[in-house]
Structures are given as structure tokens and as C-alpha cells.
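Report on the structure given below.
In our numbering, the protein residues as written are 3 to 175.
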């Protein structure tokens, strides 16, 4: 009775607490009740027992669906026909482990293959970058852009006519 009261209290279930108060177990004081009060108390007790019976049946059906219950039933069936449940379970586990190992090995080989392909792509990518960089360096070595610009600016002039070192003729150094 105390467990049910504690559970109802923990769940803040006021209605359940009031129902528990009306049950015959919770009646306090002397037992000089009228016949009608006793009949009402017994009916409440009967309703409470029926409700609890339904809860227990639901709990049992839920437990029967649990994996450990199914395994226990299977073990009982196999034992009844003379077979060893645990030996068969061990064989099944061995098969599952072998499948998982094969799957792991497969995945590892795929990963290695992808790693090799990635390494090849990186080498090819590095080669392409090197060729590109060499092409840029060669272009820079072939022609200095500042010299080409100066040639373009002074293309019609004779630099010897200036008479100074400064070909621009300004004093803004």
C-alpha cells in the first residue's frame, strides 16, 4: 500500500491519492461501520484489485515481448528436444563474428584502395602545380614587365638627348 501511495505522490497524481484513501486498507479507526459502508468499501477494494490485475497482465505481456524472455522460451524448447541452447548460440555468435570480420576486412581494403587513389591524385596535383609554377617563372625570366613598360613609354624618344642620368627629367627620387 505504501509503495502505491509513494508512486502516486511522486507522480503528483492527486486523483490516485484520493482513490487510495478510499480503499479499505486505508480505513482507520474502529470497525463499527454500517453494512452499506462495508459493501461500498468492498466494492472499491474489488475495483482496485481488478485494476491492479489489469496492470499486472499488461506488465506480463510486455515482459513476454522482451528479448531475454524470448531467449528463455527458446532455451526451454531446445532443451525439451535434447539440444544444447548455449552451444547453438555459441555457433551463431561465431558465424556472426566471422561475417563482421569479413565486412571489416572488406572496408579496410576499400579504405586502402581509396587512400592509394588519393595519393596518386595528390602526386598528379603536385606535378600540375609544379609545371604551372615553372611556366610562370619562365614567363617572368623571359621578359621583365618594367623594362617592357619603359620601352613602351619612351618608344619614340632618344634617351641620350636628356643629358642627365635621370631619363625622366624630374627630381622626385
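No residue lacks a Cβ here, since even glycine has one placed at the ideal position from N, Cα and C. Bear in mind the structure is a predicted one, so any value in this text is a computation, not a measurement.
Around the beta carbon of residue 40, fewer than 16 other beta carbons lie within 10 angstroms, which makes this residue exposed. Sixteen is the threshold: since fewer than 16 other Cβ atoms of the shown chains lie within 10 Å of the Cβ of residue 95, the residue is exposed. The straight-line gap separating the alpha-carbon atoms of residue 12 and residue 98 is approximately 45 Å. Listed in chain order, the non-local C-beta contacts of residue 77 below 7 Å within the same chain comprise 87, local neighbours out to five positions each way being set aside. Straight-line spacing of the CA atoms in residue 135 and residue 153 works out to 27 Å. Residue 155 sits in a helix when the DSSP states are folded into three classes. For residue 11, the uninterrupted alpha helix (DSSP H) run begins and ends at 4-12, by DSSP. Spanning the alpha carbons of residue 121 and residue 93 requires a straight line of approximately 42 Å. Around the beta carbon of residue 22, 16 or more other beta carbons lie within 10 angstroms, which makes this residue buried. In this chain, the alpha helix (DSSP H) harbouring residue 23 covers 16-24. For a cut-off of 8 Å, the C-beta gap from residue 47 to residue 17 is around 18 Å, too long to register as a contact. Take residue 50, set aside five residues on each side of it, and the residues of its chain with a beta-carbon closer than 8 Å to its own are 21, 25, in chain order.
For residue 52, the enclosing alpha helix (DSSP H) covers residues 37-66.
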